[in-house]
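Counted the way mature numbering (1 follows the signal peptide of the UniProt record, and there is no 0) counts, the sequence shown spans residues -37 to -1, 1 to 1030. Beta carbons are placed, not taken as given, at the ideal position from N, Cα and C, and that holds for glycine.
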Amino acid sequence: MFTMTNFAKRGRLSISWRACILLVGLCCPFPVVSSYATDSITEIQQNKTKKFRGNVLDEAGAPVAGATVQIQGKAGGVITDIDGNFTIEVGESDVLQITFIGLETQLVPVRGKASMKIVMKELRDELEEVTVVAFAKQKKESVIGSIQTVKPAELKTPSSNLTTSLAGRMAGVIAYQRSGEPGKDNANFFIRGVTTFGYKKDPLILLDNVEVSSDDLARVQPDDIASFSVLKDATSTALYGARGANGVILVTTKEGKEGKAQVSVRVENSFSAPTKMIDIADPISYMRLNNEAVLTRDPQGVIPYPESKIANTMAPNRNPYVYPTVDWMKEMFKDYTVNQRVNFNVRGGGSVATYYLAGTFSNDTGLLKNDGLNNFNSNISLKKYNILSTFNIHLTKTTEVKVRFQADFDDYRGPVDGGNILFDHAIHASPVDFPKYYLPDLQNQGVGHPLFGNVEGANHINPYAIMTSGYKDYSRTNISAQAEIEQNLDFITEGLTVQGHFSTVRRSYFDVSRSYTPYYYKIGFYDKESDNYVLQALNPDSGTEYLGYSEGPKDVYTQIYMQAKANYARKFGLHDVGALLVYQRKEELLGNAGSVIKSLPKRNQGISGRMSYGYDSRYFAEFNFGYNGSERFAQNERYGFFPSIGGAWMLSNEAFWRPIEKVANKLKLKVTYGLVGNDAIGSDSDRFFYLSNMNMNSSGRGQVFGTNWGNYKDGISTVRYPNEFITWEVAKKLNIGFELGLFNSLDVQFDYFREDRSKILMDRSFIPTTMGLEASVRANVGEAASHGVDLSVNYNHWFNNKIWLQGYGNFTYATSEFKVADEPDYAAARLPWRSRVGYSLSQQWGYIAERLFVDEADIANSPVQSFGTYLPGDIKYKDINKDGKISDADLVPIGYPTTPEITYGFGLSMGFKNWDISCFFQGSARSSFFIDSEQIAPFNNPPSTTGSYTRKTALFQAIADSYWSEEHRDIYAFWPRLSTESIKNNTQVSTWWMRDGSFMRLKSLELGYSFPQQMIKKIHLTKLRLYANGTNLLTFSKFKLWDPEMGGLGVGYPNQRVINLGIQVDF
């Protein structure tokens, strides 16, 4: 009998048949694929059956219990017993398929056999056999460029943000996280450090060959990732042309596999808490040191808190509304919050079509408290929905179509100004001036609003009132659709394929805020005998009892990408030859642009290619190029050609290596060199450098007309002068490295890299004013250089079929320096230390603080400091140029750069029978940051970017424990002489406020248990695993005020420590 399968074997399906299959398959993939693979009576079913007996062993000779044995292409099957034995009814022409977790699938023909032993090998990840490179895959041994891959399983952390798992995972990737606020917790990451001081410093990110943002990468689910590669050198990135100057992160998602549907479900529930909260001193210390801060600067000053108030506040039976002691951190923020994540995916298919479908839901909540004052909740709630579908359809034996659809939806509710601002507010509110709110007195019974506390004028910040007075909703949608068609042209010449790719991305965003103006009150009169008080309204005319409405920014974005590719790969005896030619074109359009320049479509296109050669798996050579065009430049500079070359020698495949191959099973030397361009040298509003930009309505250039000078007309001013010679930023990249394998267990990869970046666009800031130029002039005059090493080590060993061990680690050192910068001639001015040349691109500058002044005599005998008034106990700076005064001429490079020069990670995983445990440490070194002394100065009213509230900074416990005073003249105390106002002398950037940003942390720890196959097969499962894990569990650092990874942003929403429980079920 002919079935669809038999018909496909005997002849090519007609176009109409193919069209029908494609249409029905897209609409109803499950029944079509299932019936196509298994329905009807096949020729195999007509075969005579027999009993076949087998014994399944691993490479160590131990029996494999619980392996699944089934006839290929059929449902059902049997499971091996505790000794690895099985018996199954088969036909003479059948092929057995044997599978077991962690071991390679074995296909065993049974023709002419009644029994046999079957040895299953350890499963080797596809990434270990081939490496995903630009637009293709290559055998790992033939890869010349510097490419780092990471197993998707290593990126699985209890977080809905993928970028937070990058730190320390891959050599060459420098990553750090500055905030733990849901929706704003993306990590910053760079490849081999920051290598330019131009506009764009971050890498190109490609998801299934489509350029995406770091926000899009953050939403990718590790369960859906097939490969994750980092391309670091010129040879690896050349095919991406001008887009890949800062390195490339290449992510591909999973596709379907032929066979019955395989379903996987992962459910997690996590508990999230701050890694470190700022320690705030008690209210009594706050009042006493506030009084001291007044008197130490002005002995005749009026203290804000009399002893009577302090005594009453300390009284055990005090009235908390009259004598408040508010710990704003505890009143506003919970100790922990609970989050959930669910991932579901299914894959399968037949010989014509395969599918992969996945969906993910995550719910991340914030730490904000809500006690029912309102009928809405302003705590952060971020719900993310991710959908992914991929269909692979074989239209013919040589023609394959891929269709991908991906969608991300974010629904957010949270405080109007965000959680980061609320943490900032909590630090800058007085703990003793008013409570968060009052209970209604007799006059205010039944009012329709909360009675928030404040002081006369109602202008002091009440962070609780701000937190509960409204909320913001935002919605973000990102939809991507892709179609690819690949044609095998072996009938023309073996190894030739062509591919066409079309994709489009649609992204939208909007937000809406709803809030009311709080009513503020204070104690008007208080009767001690009756213990009653009367409240006085502070803003009866400006408060509101309804939610106002405010629209935020809207964003609509469209991207269209087209790609055509021809690939050739063929082997002639000992010779492997390959060639690749790619054409790319991308167009972006921004809706609601806000300006004419931004509203214009952005376009670029280019041709890139690769030619590769290998001889006898020993010698490899490769040439890559990118020929790219950019709209940013004038016609004479519009296109750039950027070539690269590379070569490698696999010594371990030489005959002379055989005596030591059991010890050193692999050694490959490699070197690459090339040019890479970068056209992202300005913002979206600063694109066409060859065109002038004129302001036709410049009020600063207007004129007055009329007899009474009563008519004013705006004038014309120059915003930018045209420069048709502005061109590409160019990077020359060198990479030298080796790959070493020892004892078939230890793999080492080492690379030395150097980059020389030239033609960096800069403002010419030091053009003489006699030139008469109105606007600044730009030119490609900047130059920078960077160099470093990255190292990765992996160790894998199976002791037997029950115990395995894996160790891994990586190390990156990357430093940079200015080579040419637009700056004054400091050498001529005898100030050579002011020049940036020779220092890191993120080098920090400041004054050298020697100590605190001891007394007036010390001040009199020291250089004059030109930062306002200062007293004993204030900071004393070093006079670098010995001119008797402290000024800008004394600024010098201090500390390390803001971007860490050293990052590393190391971990260990072990398994015993069904148990597994893993831990991973991550850290960074050679980085520094400044404490913002103005923001943490106690009792001060520092500047704020939100609102016009009066702020009164809390007293940090670290300041209360160590500050200069008349009684304790500690010239190396943490805090200078106290003050209730900002002391400009003490807020200068200097070594006094610089801190070492180095840290190491236990980034992750996981314990899991996988149930035995014999047990779960009874409930038709292929995998059941329970696990508990955590991230950011321990931190080791000299810096103790807040999480050191946050740098100088410690008064914001803290990074999170997460404890997670999960279950994974496969069937």
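6 Å Cβ shell around residue i - same chain, five flanking residues per side excluded
i, result
"A30", "V19, T43, I61 and F63"
"G207", "L167 and T200"
"H760", "S708 and L768"
"Q8", "Note on Q8: pLDDT 43, under 50, position unreliable in the model; the coordinate value appears next. The answer is none, since no qualifying residue turns up."
"N10", "Confidence at N10 is low in this model, with a pLDDT of 49, below 50, so the placement of that residue should be treated as unreliable; the coordinate-derived value is given next. Once the five neighbours on either side are set aside, the close Cβ partners of N10 are G54, E55 and S56."
"V228", "F307 and V1028"
"Q445", "R367 and S466"
"Q101", "T94"
"I1026", "V230 and L989"
Three-state secondary structure (DSSP) of residue i
i, result
"L125", "helix"
"I982", "helix"
"T440", "strand"
"K13", "strand"
"E624", "coil"
"I922", "helix"
"K297", "coil"
"M133", "coil"
"D179", "helix"
"L553", "strand"
"F668", "strand"
"K915", "coil"
"V1028", "strand"
"P26", "strand"
"D837", "coil"
Span of the beta strand (DSSP E), counted from its first residue to its last, around residue i
i, result
"R469", "L459 to S478"
"I154", "A150 to I154"
"T200", "Segment A197 to T200 is the alpha helix (DSSP H) holding T200; no beta strand (DSSP E) there."
"V106", "No beta strand (DSSP E) contains V106, which DSSP labels as neither H nor E."
"E813", "A812 to L815"
"A532", "G511 to F535"
"Q807", "Q807 to G809"
"M1009", "Element bounds for M1009: n/a, residue is neither H nor E."
Cβ neighbours of residue i in the same chain (closer than 7 Å, five flanking residues each side left out)
i, result
"Q885", "A130, G131, G868, R964 and K966"
"A150", "T126, T127, L129, A130, A138, Y139 and Q140"
"G592", "N567, Q568, G569, R601 and Y602"
"Q920", "D242, I243 and A244"
"R(-20)", "Summary for R(-20): the model assigns pLDDT 34, below 50, so the residue's position carries little reliability; its value from the coordinates is reported in the next sentence. The residues are L358."
"F580", "Sequence inspection shows Ser at residue 580; the Phe mentioned does not correspond to that position. Excluding positions up to five away in sequence, the list reads E104, M613 and N616."
Endpoints, alpha helix (DSSP H) assigned at residue i
i, result
"M277", "E270 to M277"
"F386", "G382 to I390"
"L495", "Reading the sequence as shown, one finds Asn at residue 495 and not Leu. Counting along the chain, N495 falls outside any alpha helix (DSSP H), though it belongs to the beta strand (DSSP E) covering N495 to A500."
"K561", "V559 to S562"
"Y249", "P246 to R260"
"M430", "P426 to T431"
"I34", "Segment T31 to I34 is the beta strand (DSSP E) holding I34; no alpha helix (DSSP H) there."
"I822", "E819 to A823"
Counterpart residues of residue i in DSSP-defined beta bridges
i, result
"S779", "S749"
"residue 1039", "Because the chain spans -37 through 1030 in this model, residue 1039 falls outside it and cannot be assessed."
"L320", "V309 and S352"
"P237", "Q1019"
"residue 1032", "Lying outside -37 to 1030, the shown extent of the chain, residue 1032 is not represented and no answer is given."
"F583", "G577 and A611"
"E687", "According to DSSP, E687 bridges with nothing at all."
"H423", "T913"
Sequence-distant residues of the same chain with beta carbon closer than 8 Å to residue i, five excluded per side
i, result
"N333", "N340, S341, N342 and T431"
"N1002", "Here residue 1002 is Phe; the residue named in the question, Asn, does not match the sequence. So the qualifying residues of the chain are R958, D959, G960 and F962."
"L794", "N844 and A852"
* **Every unbroken beta strand (DSSP E) inside the region 847 to 904 [3 residues or more]** => 855 to 857, 865 to 875, 878 to 888 and 891 to 893
* Could you pull out every unbroken beta strand (DSSP E) segment of at least 3 residues lying fully inside the region 951 to 1000, listed in chain order? => 957 to 959, 962 to 973 and 986 to 999
* **Segments of 4+ residues assigned as alpha helix (DSSP H) that fall wholly inside the region 697 to 756** => none
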